Ligand SMILES: Cc1cc2nc3c(=O)[nH]c(=O)nc-3n(C[C@H](O)[C@H](O)[C@H](O)COP(=O)(O)OP(=O)(O)OC[C@H]3O[C@@H](n4cnc5c(N)ncnc54)[C@H](O)[C@@H]3O)c2cc1C
Ligand code: FES
Ligand code: FES
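Protein chains in written order, with the working numbering: chain A, 11 to 765; chain B, 31 to 492.
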């Protein structure tokens, strides 16, 4: 089935937040962000700004009726700065005017006085000062300290990955509309409507039932609109509530880039030990997570890093410690992979370094250590049907690794100024929110008298196609044609207490809740049909909109069945609910079984480096991926290809840097570069691993949102491999992104140039 | 009054001339298919078609509406996704759907319009050119593979377009709705030019100005060149070529005679901005903006170029290197404008090459760019001109290095000395586009790359 929105998208009729027709009297808001990264506010002069014709109001922390607090996990982040500011771009005032042009003019007239405080933008410095956002955590398996003497090789090193801007094409925004009796309706570009509802209630001191949050669709999110959508919704709502007029707040790109958080940069130290026959015996790693100025989702992200310490490998002795360090930049937040990619980068760096020491290709180590049935992850969960080896073997043969190695070696012999390289990249990613209580979902299904169906869930559509998958689930569960089903906007009034659409779990959780609702409806319809046909309900079946009796089709079709059921006074609405069974995790011992299942895969990546100019191209990414029984191969392929490109972007082009004053250096699309068509891999090929999907995946179809992002790590190593063909012995420092600048500087290191 | 056609709708408006066209389309006309992605020309979410009459013929190309002042629409036909009609999906739209080249959909209208512009172009279509039609569109979701599949599908149909009448063919085959056949006549009826007020900010293509200060332009108002044929054409007299300041990058890149003189011109062009930006941005704007990495400035500094200025005191012509006086400082008197650029077309003994390295290969500003022209007489360098951007406060003509090369044998020893001189002549600074050390290294490499491309036999393996 094609993406539900296909036609609406290509004809431009899909409605995004900024496309919602404005109500009469709508005002526009912009946010004044702190111009300094750390300081004590000593005063602000708003008079000139407030006098500008068209300006309606300027709100500050003092105008918040409830709690000035938007921290989702740890209450450490004010909605509007109060007393001190902790990062450049931290919201201080919200300016409301007749139009956004005037609001921006007013913003430039605000005078802001502060006393500077010391600014820290370096994670290492924060670590040394023991400036943490929350206490560190350690995962352990075996006895790592005791294992080193048994190792034939031990190497140590550092690895660092940078931040990544989400660059969802639609910026963040919200439109808040006062309703009667003090209630508020918020249209928000959020992945977490319930979260927005809860926090807006906290800020306005209103019970949750007074706040309705509706999300039609998002123009991309990738995790960036999970916790970070809340502030904008709350600010619009605060203004609308105070003024009792509709207020729209849509961030301009520049504001969005510099005010919102990004993927966490990590700086890590690793130590890895291998036996003579290349088995990894021990792995010790310290992750320094740069958390930014407030906790945001960092605790959960840090946890997922620890869960993914060992990628798709079994390592008997592991110790992984992670610290979340406080710096004066916008709080880092969720981004596809949620801390997992950062962990995988380190283990792959460790393997690459060990391979370098041993003078062998890294894939020989990777291959030796893939997870087998029953192997324990460092957090205690046992690998169940781990398809790591199956994916690996299939890639190796289907895409002819040995032959490709030979071809590349031959190419490199012949070519002086272009060099090719390759890398293998196995992946393993755990599916479920690591916080067990979040693994629940609801659905509300209405069958209308004419047989058409309305489907409500907590899943937010952001391009990934979750709404399409949910329609497929409902269509299958009720055995009706998908066109009968309308997916409703995600709305807290219809499905309450939902988890954000995140952790790749949207289709699984909401799909299972839809199945539950549909099963109830189906049972009622079987009974109604039984009554009509004077038959035992157990002998009734509905197949493709037709009622069957004892294995034979009857004349009773869907529309008529529904009309009759209504006359029989059958309840044609059902509420479904799902909570993932079996999963658990005990933080006090850092052990448990937190994931419903794992997703596996392996990729072969090749690249060409222009060693004269330092430019490069990704030639091919060839993947065998474990989709389970994909319920929608076209959508899953889209997630795979999109994830790969984004992962490659993270490790190659996309560079986030702050200067010592905490100013973001690449703060626009002209300086922050995401992959375009020309820099995306020339070719992505894939095969679906032939394997049964697990029962906890919806219809056996495994989650595909995040895992493919991880293949991008292979691109880094393929590039290094190509560079080594030009400079044998070149050893990289495992600093990502590997920009053309880093490539050229590594190919012509200044020391070598002197000689 | 600003008068134009937006899709099938006749517009007359007195709104400010400097209002971004995108805002007019979305918030005044209420058609929300064109999206706001960046307002700096870098994402293509706001991409629309612009049709204009030149010598009675209607031509369409893509532009970004976020950097287009409303008044620029005067007398033209602007087409948004809504203007493709709601009846049935066009073959472009169908190809996008069939190949699942859509996810969140936010980039989709812009992409559909860029591909429709491709269908309307009169260039011979190769796969390479077709894919390049999307060089101004970012998509954060799909990873582009499905988009490539959709483009390849279009390539199966498009080559049968008749060269002379693409529009009627496209209407007949469902790419465009029927009202397009009336547009020539409709536009002809908009006779009066738009008269902008004087003493406002002069906008050429707007691709620098609207990125730098959109709000100020809305307030201050904008003005355009009026009726200046000498600024709009490319003329060649003997070996001297004159390009009017209002000539767009696209017009330069597609000019047959220039393509003949610069065989790799099209490839160089791909390194400059993107298709819609090249359709808008002008040569005059590129020079006047005085950015140290301006690609056209670097390109023409390596040719024997002069810039023609006109002003209250008449016309004067000065060598291009003298025009750039310091960081963003030009030899341009108040009231003076760039009328044209003149340069010597490379003859058969002159070898010219342009190089650019940026973080992303396409639609990115150079870390360092450089051009070199060398005229050889029996193995001796009779004349050389080397230019480089990103290595000094101005687009730099490396005078000493160029001068040094003159009269020398073209060999490795000469080049080594020239490289050392070039390093002395430049003064790069560390910034977002690279560290000082990197830029020094990069210029050395690009100089080598020139030789590598032009005289591979001289550039030996290391
Ligand atoms: C997304 C994007 C990508 C870009 N990529 C590149 C790139 O790769 N390489 C590159 O070199 N540039 C690039 N640019 C910059 C820009 O497109 C070019 O410099 C372009 O040629 C500017 O021309 P314009 O007509 O749009 O200038 P405008 O913005 O209209 O004007 C620029 C300045 O020049 C003045 N001006 C214009 N014409 C004259 C004249 N005849 N006489 C005196 N003053 C004049 C204007 O008043 C204004 O101050 C990019 C821009 C964008 C938005
Ligand atoms: S909005 Fe991004 S190019 Fe116009
Ligand atoms: S589909 Fe989301 S940006 Fe292209």
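Note that CB positions come from ideal geometry on N, CA and C, so glycine has one too.
The model shown is predicted, which means the values in this text are computed figures rather than measured ones.
Item: In whole angstroms, what is the alpha-carbon distance linking residue 418 of chain A and residue 628 of chain A?; Value: 14 Å
Item: Report the option in B/401, B/161 and B/42 whose CA atom is closest to the CA atom of residue 327 of chain B.; Value: B/401
Item: Name, please, each residue of chain B whose Cβ falls closer than 7 Å to the Cβ of residue 114 of chain A.; Value: 245
Item: Under three-state DSSP, which class holds residue 563 of chain A?; Value: strand
Item: Quick one: what does DSSP say residue 129 of chain B is sitting in, helix, strand or coil?; Value: coil
Item: Need the endpoints of the beta strand (DSSP E) that residue 697 of chain A sits in, please.; Value: 693-698
Item: Reducing DSSP to helix, strand and coil, say where residue 765 of chain A ends up.; Value: Annotation note: pLDDT 41 at residue 765 of chain A (below 50); position unreliable, coordinate value reported separately. Of the three classes helix, strand and coil, the one that applies to residue 765 of chain A here is coil, per DSSP.
Item: Under three-state DSSP, which class holds residue 399 of chain B?; Value: strand
Item: Is any non-hydrogen atom of ligand 1 found closer than 7 Å to the C-beta of residue 310 of chain B, if you look at the structure I gave you?; Value: yes
Item: Who does residue 630 of chain A pair with in a DSSP beta bridge?; Value: A/616 and A/693
Item: Quick one: is residue 62 of chain A near chain B, going by C-beta distance under 8 Å?; Value: no
Item: Considering only residues of the same chain and omitting the five flanking positions on each side of residue 324 of chain A, which have a CB-CB separation below 7 Å?; Value: 379, 381, 382 and 385
Item: Write down every uninterrupted run of the alpha helix (DSSP H) in the segment 333-410 of chain B whose length is 4 residues or greater and which is fully enclosed by it, in chain order.; Value: 350-353
Item: Determine, for residue 745 of chain A, whether the minimum Cβ-Cβ distance to residues of chain B falls below 8 Å.; Value: no
Item: How many whole angstroms separate the CB atoms of residue 206 of chain B and residue 107 of chain B, which I take to be in contact at a CB cut-off of 8 Å?; Value: The pair is not a contact, with the Cβ atoms about 11 Å apart (cut-off 8 Å).
Item: Quick check on the contact list: which residues have their beta carbon closer than 6 Å to a heavy atom of ligand 2?; Value: B/66, B/67, B/68, B/69, B/71, B/72, B/73, B/74, B/75, B/76, B/94 and B/96
Item: To be precise: take each residue of the segment 643-654 of chain A, compare its Cβ to all Cβ atoms of chain B, and keep it if any distance is under 9 Å. Which residues remain?; Value: 644, 645, 647, 648, 649, 650, 651, 652, 653 and 654
Item: Spell out the partners DSSP gives residue 292 of chain A in its beta bridges.; Value: A/283 and A/327
Item: Would residue 20 of chain A pass as an interface residue toward chain B - the criterion being a Cβ-Cβ separation below 8 Å?; Value: yes
Item: Less than 8 Å between the C-beta atoms of residue 661 of chain A and residue 726 of chain A, yes or no?; Value: yes
Item: Could you tell me which whole beta strand (DSSP E) segments of length 3 or greater appear in the segment 83-167 of chain A?; Value: 101-107, 121-126 and 142-151
Item: Whose Cβ in chain A lies nearer than 7 Å to the Cβ of residue 468 of chain B?; Value: 751, 754 and 755
Item: Residue 24 of chain B: which of A/686, A/357 and A/242 sits nearest, CA to CA?; Value: Limits of chain B in this structure are 31 at one end and 492 at the other, which puts residue 24 of chain B out of reach.
Item: Mind reading off the beta-carbon distance from residue 329 of chain A to residue 32 of chain A? Whole number of angstroms is fine, and I expect it under 8 Å.; Value: So it is not a contact: roughly 56 Å between Cβ atoms.
Item: Counting C-beta neighbours from all protein chains within 10 Å, is the total for residue 441 of chain B 16 or more, i.e. buried, or is it exposed?; Value: exposed
Item: Does the Cβ of residue 589 of chain A have 16 or more other Cβ atoms within 10 Å, making it buried, or fewer, making it exposed?; Value: exposed
Item: Assign residue 87 of chain B to buried or exposed, taking buried as 16 or more other Cβ atoms, counted over all protein chains shown, within 10 Å of its Cβ.; Value: exposed
Item: Looking only at its own chain, which residues have a Cβ that is under 7 Å from the Cβ of residue 697 of chain A, when we skip the five neighbours before and after it?; Value: 404, 408 and 634
Item: Using a threshold of 7 Å, is the CB atom of residue 226 of chain A nearer than that to any non-hydrogen atom of ligand 3?; Value: no
Item: Rounding to the nearest angstrom, what Cα-Cα distance links residue 53 of chain B and residue 121 of chain B in this structure?; Value: 28 Å
Item: Can you give the beta carbon distance from residue 438 of chain B to residue 455 of chain B, rounded, assuming they're within the 8 Å contact cut?; Value: Rounded, the Cβ-Cβ distance is 17 Å, inconsistent with contact.
Item: How many Å lie between residue 765 of chain A and residue 136 of chain A at the Cα?; Value: With a pLDDT of only 41 at residue 765 of chain A, under 50, the local geometry of the prediction cannot be trusted, and no value is derived from it.
Item: Quick one, which residues of the segment 379-397 of chain B are near chain A if we go by CB-CB under 9 Å, in chain order?; Value: 385, 387, 388, 389, 390, 391, 392, 393, 394, 395 and 397
Item: Return the CA-CA distance between residue 459 of chain A and residue 333 of chain A, expressed in angstroms with no decimal places.; Value: 57 Å
Item: In the DSSP output, which residue or residues are listed as bridge partners for residue 336 of chain A?; Value: A/302
Item: Let me see if you follow: with CB-CB separation under 8 Å, is residue 172 of chain A close to chain B or not?; Value: no
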